[in-house]
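Peer 1:
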Amino acid sequence: TSDNGSWQIPCLSSFPLDLKMSYAAALRHVQPQIVLCSWMPMGLDWTALFRRCESVQEYILLGEAFDGSCGRHWETWGFAPMSGASPRIAPYEQDGFSCDELP
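Numbering of the sequence shown is given in our numbering, commencing with residue -9 and proceeding in unit increments.
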């Protein structure tokens, strides 16, 4: 697990790898194959860095998608509001990833 401590929430984790560092530093340090991201803050997109990390083969996002309260509409979820513009390819698809929404 990784938490930079900025919210000052006491950690009750007994997980053997509990890093007091940012997600970016944790990616560099651990070089994971799978990233599990729970409730990415609204207005921030960490997925671009997940996809740029060579070791990451898959990332799983937990939280509200699209019009929800996690990440950024386009950058994180590939969701663009309806407009007259032609459809674009979502950033995750450009980087070779897919989106599978679960109920």
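We put the CB at the ideal spot given by N, CA and C, even for glycine.
1) One question on the structure: do residue 53 and residue 28 come within less than 8 angstroms of each other, judged by their Cβ atoms?
2) Can you tell me whether residue 54 is helix, strand or coil according to DSSP?
3) In this structure, does DSSP put residue 20 in helix, strand or coil?
4) Rounded to whole angstroms, how far is the Cβ of residue 61 from the Cβ of residue 30, which I believe are closer than 8 angstroms?
5) Short of 6 angstroms in beta carbon distance, which residues of its chain neighbour residue 59, apart from the five on each side in sequence? Order them along the chain.
6) Let me check understanding here. Comparing Cα to Cα, which of 79, 23 and 80 lies closest to residue 40?
7) Cα-Cα, which of 57, 21 and 35 is closest to residue 47?
8) Would residue 16 be called buried (16 or more neighbouring beta carbons within 10 Å of its own) or exposed?
9) What's the gap between the Cα of residue 64 and the Cα of residue 56?
Peer 2: On the basis of the data shown:
1) The residue labelled residue 53 in the question sits at position 63 within the sequence shown. The residue labelled residue 28 in the question sits at position 38 within the sequence shown. Going by C-beta atoms, residue 53 is nearer than 8 angstroms to residue 28.
2) Locating residue 54 in the sequence shown gives position 64, counting from the first residue. Coil, per DSSP.
3) The residue given as residue 20 occupies position 30 in the sequence shown. Helix, per DSSP.
4) On the sequence shown, position 71 is the one that residue 61 refers to. On the sequence shown, position 40 is the one that residue 30 refers to. Contact check for residue 61 and residue 30: beta-carbon distance about 5 angstroms, within the 8 angstroms limit, so the pair qualifies.
5) Here residue 59 is taken as the residue at index 69 of the sequence shown, counted from 1. For residue 59, where only same-chain residues beyond five positions count, the Cβ hits under 6 angstroms are 32.
6) Stepping through the sequence shown from its first residue, residue 40 is reached at position 50. Of the candidates 79, 23 and 80, the one whose C-alpha sits nearest the C-alpha of residue 40 is 23.
7) On the sequence shown, position 57 is the one that residue 47 refers to. Closest by alpha carbon: 21.
8) The residue labelled residue 16 in the question sits at position 26 within the sequence shown. By the 10 Å Cβ count, residue 16 comes out buried.
9) To locate residue 64, count along the sequence shown from 1; it is residue 74. To locate residue 56, count along the sequence shown from 1; it is residue 66. Near 8 angstroms, if we compare the C-alpha coordinates of residue 56 and residue 64.
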